[in-house]
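Asks: The listed protein sequences derive, respectively, from chains A and B.
Going by the numbering used here, the first residue of the first sequence is number 10, and it counts up by one from there.
Going by the numbering used here, the first residue of the second sequence is number 98, and it counts up by one from there.
By construction, the Cβ of each residue, glycine as well, lies at the ideal position given by its N, Cα and C atoms.
Bear in mind that the values here come from a model prediction, so they are computed numbers and not experimental data.
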Amino acid sequence: MKKYVAKRVITAVFTLLVILLVLFILMQLMPGSPFNDEKLTADQKAALYAKYGLDQPVVIQFGRYVLNMLRGDFGVSYKISKNTPIAQLIAVRLPVSIAIGGYAVALGALVGLILGLIAALRRDTILDTLCTVISVIGVSVPSYVFALALSFQFGYKWHLFPMLYNTAEALNSSVLPSVSLSMFTMASIARFTRTEMLEVMGSEYMLLAESKGISGGALIFRHALRNALIPIITVLAPLIVDLMTGSLVVEKIFSIPGVGSLLVNAIQSNDYNVVISLSFIYSALYIAIMLVVDILYGIIDPRIRLAKDDA
Amino acid sequence: MFKKKKAAATPIAAVNTYVPVDTDFVLKDNVDDLEIDTNFKAQSFWKEVSYRFFRKGSAVFGMIMILLITVMAIIGPSMNNYTYSGQILAEKSLAPRVPGLENLGIFDGSEKMNTVNGVQVVNNYKDKGLDDTYYWFGSDNFGRDIWTRTWHGARVSLIIAVVAAVIDMIIGMSYGLISGYFGGKTDMVMQRILEIANSIPRLVIVTLLLLVFKPGMLTIIIALMLTEWVGMSRIARAEMLKLKEQEFVLASRTLGAGSFHIIFREVLPNIIGPIITQVMFSIPTAIFTEAFLSFVGLGIPVPQCSLGSLISDGFNSFTTHPYQIVAPILVMAFLMLSFNLVADGLREALDPKMKGM
Chain A
10 MKKYVAKRVI TAVFTLLVIL LVLFILMQLM PGSPFNDEKL TADQKAALYA
60 KYGLDQPVVI QFGRYVLNML RGDFGVSYKI SKNTPIAQLI AVRLPVSIAI
110 GGYAVALGAL VGLILGLIAA LRRDTILDTL CTVISVIGVS VPSYVFALAL
160 SFQFGYKWHL FPMLYNTAEA LNSSVLPSVS LSMFTMASIA RFTRTEMLEV
210 MGSEYMLLAE SKGISGGALI FRHALRNALI PIITVLAPLI VDLMTGSLVV
260 EKIFSIPGVG SLLVNAIQSN DYNVVISLSF IYSALYIAIM LVVDILYGII
310 DPRIRLAKDD A
Chain B
98 MFKKKKAAAT PIAAVNTYVP VDTDFVLKDN VDDLEIDTNF KAQSFWKEVS
148 YRFFRKGSAV FGMIMILLIT VMAIIGPSMN NYTYSGQILA EKSLAPRVPG
198 LENLGIFDGS EKMNTVNGVQ VVNNYKDKGL DDTYYWFGSD NFGRDIWTRT
248 WHGARVSLII AVVAAVIDMI IGMSYGLISG YFGGKTDMVM QRILEIANSI
298 PRLVIVTLLL LVFKPGMLTI IIALMLTEWV GMSRIARAEM LKLKEQEFVL
348 ASRTLGAGSF HIIFREVLPN IIGPIITQVM FSIPTAIFTE AFLSFVGLGI
398 PVPQCSLGSL ISDGFNSFTT HPYQIVAPIL VMAFLMLSFN LVADGLREAL
448 DPKMKGM
């Protein structure tokens with residue numbers, strides 16, 4: 010187990026370094042230097058370069074860059090909000106995005122599980138077909154189509170929820186974005202739960218449990234669902250990543266002041282510094298989530314960590 | 098596995114000096130003795146697959162929808178006299194109006210407008226005196242025909258998706274096959290590279306790529322290429338690991354086939370099923386990614402359009418003129434749904450043991 014965890018952690022750290030290297034190279038490739046002023050003499054420029062460490066070898070510059078990024082010192086924004094530290098911009102927006110993403114994952118996982126369970130338990134009935142149809146639509150139709158439809162129907166026509174995000178009533182305005190983001194998660198989990206449940210229920214230990222006289226809820230929840238849940242955890246990680254992508258558009262539609270809309274703004278206004286910092290944040294989050302899921306999976310299912318140790 | 102072959106090669110060549118002649122081998126004339134089951138005739142693999150595929154209603158529905166949308170993407174833009182970029186500013190934001198149907202009270206060019214006096218039904222065609230003008234899906238804010246633009250956009254989206262999926266297939270498949278076939282150190286190194294590539298979020302790759310290149314069809318295809326090959330290579334590798342221990346590979350190797358021949362001529366035709374399924378699954382992803390990029394303003398530059406950019410345009414006025422967004426959204430949703438349905442059907446048809454959802 011220790012070896013397995015160590016391996017995952019090393020891979021994660023290495024990946025983060027690769028990403029930082031790519032970002033660093035990109036920054037070097039960007040045209041222009043911060044000291045483009047023609048009035049500066051060569052001496053003054055040299056002094057400025059020395060002050061900011063730009064006269065150092067590239068390796069040392071990279072080391073410094075890594076340290077700065079890890080400490081959360083991302084530099085300042087050039088265009089979106091001039092000379093504001095990016096860390097400050099992100100600190101305000103990240104919690105909003107995480108909250109909505111969290112609601113979406115929770116909602117999607119819960120509803121998806123219920124749908125998948127119903128479909129598996131009532132196999133080949135009208136309920137099963139209905140759940141299949143819902144999940145196929147949920148997987149196929151992009152989240153922003155749901156977002157637009159929900160915002161039109163519930164926001165514009167019926168005035169049930171605000172069409173645009175309002176910080177004063179954060180919870181109420183999170184409903185529509187969370188629901189539209191959760192559709193994909195819900196559909197995927199429902200499909201997966203159904204397949205896993207069917208597999209588990211056909212297994213021999215379920216027959217044993219049944220023949221021991223266990224029935225009803227205990228049989229389904231304690232014996233079947235617990236085993237079916239294991240693989241479901243693995244699909245959650247990629248789903249969370251899809252949420253990140255989806256959130257960009259959904260945040261734009263509902264004009265949510267989150268990191269997604271910040272990234273869109275930054276790309277559109279060529280604010281490289283912000284784009285690169287956000288890329289780093291997204292990557293770090295993603296890698297962290299993958300790491301946690303991998304380790305969790307190793308803890309839950311000994312077969313995985315043993316198989317992977319061999320490889 | 099390969100070392101053994103090399104070591105054994107020299108002594109055999111030295112001892113074996115006998116040159117075979119034609120009469121060494123005679124066909125055993127046993128056609129009459131063989132018992133061939135005539136009740137259940139042997140079916141070719143693909144015949145069975147297509148039988149199972151066409152038995153599934155949803156897969157057939159998806160197939161028909163894809164064909165329909167593809168045909169419309171080809172002929173749709175030339176079905177009326179408008180062009181996808183031609184603007185008639187006097188005829189902007191007109192609601193859908195279709196000849197024939199307008200007499201039934203639908204698609205007659207009227208739309209509900211929220212004004213200070215409450216909801217009013219307005220018919221801009223009548224108000225502007227455009228009695229002989231028909232915009233089947235309506236016109237947009239610049240007076241462009243949405244019918245033409247929708248099908249033109251569908252064409253662009255389909256081209257991007259299919260090209261990206263095919264390139265992904267070639268790259269991912271080769272990577273996975275090579276990694277799986279050689280195994281050992283090669284596999285280890287290639288899988289570590291893949292793991293790192295897979296740990297960089299797709300969003301970040303796409304964003305960074307767009308910082309470097311100008312938005313456009315090629316950039317989107319490159320972005321899709323860089324992000325989608327991982328899934329494909331996983332499948333190819335898994336299939337290769339399953340097949341490479343089988344007898345036909347051994348037979349081929351015994352006959353002196355090289356690695357390249359075994360990988361692409363012997364194993365590849367046997368795993369083409371799962372690969373095609375994966376391509377079908379990656380097309381909707383590509384369509385979605387393209388639409389998403391267009392929506393955040395990084396897609397196809399104007400006056401070109403794709404489904405994503407149309408949705409993005411329509412979004413700006415979707416509360417006042419909802420019809421502007423309905424057509425592209427429906428086409429895109431149906432396209433993605435159909436590809437998913439076909440992919441699902443194909444997966445089940447190829448592997449009847451696996452009954453997914």
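Applying a beta-carbon distance threshold of less than 8 Å, which residues of chain B neighbour Phe161 (chain A)?
Replies: Phe415, Thr416, Pro419
Asks: Using CA atoms only, rank isn't needed, just tell me which of A:Val188, A:Ala156, A:Asn77 is closest to Gly121 (chain A).
Replies: A:Val188
Asks: Interface residues of chain B around Phe23 (chain A) at Cβ under 8 Å?
Replies: Ile293
Asks: When burial is assigned at 16 or more other CB atoms within 10 Å of the CB, is Ile249 (chain A) buried or exposed?
Replies: Buried is the call here.
Asks: Expressed to the nearest angstrom, what Euclidean distance is found between the alpha-carbon atoms of Leu330 (chain A) and Gly211 (chain A)?
Replies: Residue 330 (chain A) lies beyond the range of chain A shown here (10 to 320); nothing can be said about it.
Asks: Can you tell me the Cα-Cα spacing of Lys102 (chain B) and Ser349 (chain B), whole angstroms?
Replies: The predicted position of Lys102 (chain B) is uncertain, since its pLDDT is 47 and thus under 50; a value taken from the coordinates is nonetheless stated next. Distance between the alpha carbons of Lys102 (chain B) and Ser349 (chain B) is about 13 Å.
Asks: Does the stretch 256 to 270 of chain B come close enough to the stretch 309 to 325 of chain B that 3 or more CB-CB pairs lie under 8 Å?
Replies: Because the criterion of three Cβ pairs below 8 Å is met, the stretch 309 to 325 of chain B and the stretch 256 to 270 of chain B touch.
Asks: Closer than 8 Å by beta-carbon distance: list the chain B residues that pair up with Ala146 (chain A), in chain order.
Replies: It should be noted that the sequence gives Ile, not Ala, for residue 146 (chain A). Residues of chain B passing the Cβ test: Leu434.
Asks: Measuring CA to CA, which of B:Gly328, B:Leu427, B:Pro312, B:Arg362 is closest to Phe378 (chain B)?
Replies: The shortest Cα separation from Phe378 (chain B) among B:Gly328, B:Leu427, B:Pro312, B:Arg362 belongs to B:Gly328.
Asks: List, in order along the chain, the chain A residues whose C-beta lies closer than 9 Å to that of Ala430 (chain B)?
Replies: Ile146, Ser149, Val150, Pro151, Val154
Asks: Between Asp318 (chain A) and chain B, is any beta-carbon pair separated by less than 8 Å?
Replies: Reliability of the predicted coordinates at Asp318 (chain A) is poor, the pLDDT of 48 falling under 50, and the value obtained from them is presented with this limitation in mind. Taking 8 Å as the CB threshold, Asp318 (chain A) stays off the interface with chain B.
Asks: Can you name, in chain order, every residue of its own chain whose Cβ lies under 6 Å from the Cβ of Ser286 (chain A), other than the five neighbours on each side?
Replies: In chain order, Phe83, Ile95 place their CB closer than 6 Å to the CB of Ser286 (chain A), counting only its own chain and leaving out the 5 sequence neighbours on each side.
Asks: Using DSSP bridges, identify the partner residues of Ser236 (chain B).
Replies: B:Asp242
Asks: Less than 8 Å between the CB atoms is what I'm expecting for Ser330 (chain B) and Tyr272 (chain B), so what's the real figure, rounded?
Replies: Contact holds; Cβ gap of about 4 Å.
Asks: Which of helix, strand or coil does DSSP assign to Asn181 (chain A)?
Replies: helix
Asks: Any beta carbon from chain A within less than 8 Å of Gly453 (chain B)'s own beta carbon?
Replies: With a pLDDT of 43 at Gly453 (chain B), under the threshold of 50, the modelled position of that residue is not reliable, and no figure is offered here.
Asks: Answer with buried or exposed for Pro151 (chain A), where buried requires no fewer than 16 other C-beta atoms within 10 angstroms of its C-beta.
Replies: That one is buried.
Asks: State the start and end residues of the unbroken alpha helix (DSSP H) segment that holds Cys140 (chain A).
Replies: 135 to 149
Asks: Is Leu443 (chain B) helix, strand or coil when you go by DSSP?
Replies: helix
Asks: Ile28 (chain A) and Ile297 (chain B) - do their beta-carbons sit closer together than 8 Å?
Replies: yes
Asks: Going by DSSP, what residue range makes up the alpha helix (DSSP H) through Lys12 (chain A)?
Replies: 11 to 38
Asks: Is any heavy atom of the ligand ADP found at a distance shorter than 7 Å from the C-beta of Asp119 (chain B)?
Replies: Ligands displayed in this structure: none; no statement on the ligand ADP is therefore possible.
Asks: Strictly below 8 Å CB to CB, what residues from chain B border Lys261 (chain A)?
Replies: Counting only Cβ-Cβ distances below 8 Å, Lys261 (chain A) has contacts in chain B at Phe392, Val393, in chain order.
Asks: Counting along the chain, where does the alpha helix (DSSP H) carrying Leu395 (chain B) start and finish?
Replies: Taken as a continuous stretch (DSSP letters only), Leu395 (chain B) belongs to no alpha helix (DSSP H), as it is neither H nor E.
Asks: Whole-angstrom Cβ separation of Leu443 (chain B) and Ile373 (chain B), contact assumed at under 8 Å?
Replies: 7 Å
Asks: Would you mind sorting Trp50 (chain B) into buried or exposed? The rule is 16 or more other CB atoms within 10 Å of its CB.
Replies: The structure shown does not extend to residue 50 (chain B), since chain B is modelled only from 98 to 454, so the question has no answer here.
Asks: Roughly how many whole angstroms lie between the Cα atoms of Asp237 (chain B) and Gly411 (chain B)?
Replies: Roughly 8 Å separates the two Cα atoms.
Asks: Tell me, please, whether the CB atom of Ala388 (chain B) is closer than 8 Å to any CB atom in chain E?
Replies: Protein chains in the displayed structure are A and B, and chain E is not among them.
Asks: Distance check for Asp448 (chain B) and Pro371 (chain B), CA to CA, integer angstroms please.
Replies: 9 Å
Asks: How close, in whole Å, do the beta carbons of Gly250 (chain B) and Gln184 (chain B) come, if the pair is a contact with beta carbons under 8 Å?
Replies: Their Cβ separation, rounded to whole angstroms, is 16 Å, which puts Gly250 (chain B) and Gln184 (chain B) out of contact at 8 Å.
Asks: Expressed to the nearest angstrom, what Euclidean distance is found between the alpha-carbon atoms of Leu395 (chain B) and Gly225 (chain A)?
Replies: 53 Å
Asks: Candidates A:Leu124, A:Leu257, A:Leu271: which alpha carbon is nearest Ser392 (chain B)'s?
Replies: One detail in the question is off: residue 392 (chain B) reads as Phe in this sequence, not Ser. When each option's Cα is compared against that of Phe392 (chain B), the closest is A:Leu257.
Asks: Could you have a look at Val455 (chain B) and say whether DSSP puts it in helix, strand or coil?
Replies: The requested residue 455 (chain B) does not occur in the structure, where chain B is confined to residues 98 to 454.
Asks: Name the chain A residues that come within less than 9 Å of Asn437 (chain B), Cβ to Cβ?
Replies: Val145, Val148, Ser149
Asks: I need the DSSP call for Val85 (chain A), collapsed to helix, strand or coil.
Replies: Looking at Val85 (chain A) - three-state DSSP - the assignment turns out to be strand.
Asks: Can you pull the chain A residues whose beta carbon is under 8 Å from the beta carbon of Thr167 (chain B), in chain order?
Replies: Residues of chain A passing the Cβ test: none, with the nearest at roughly 17 Å.
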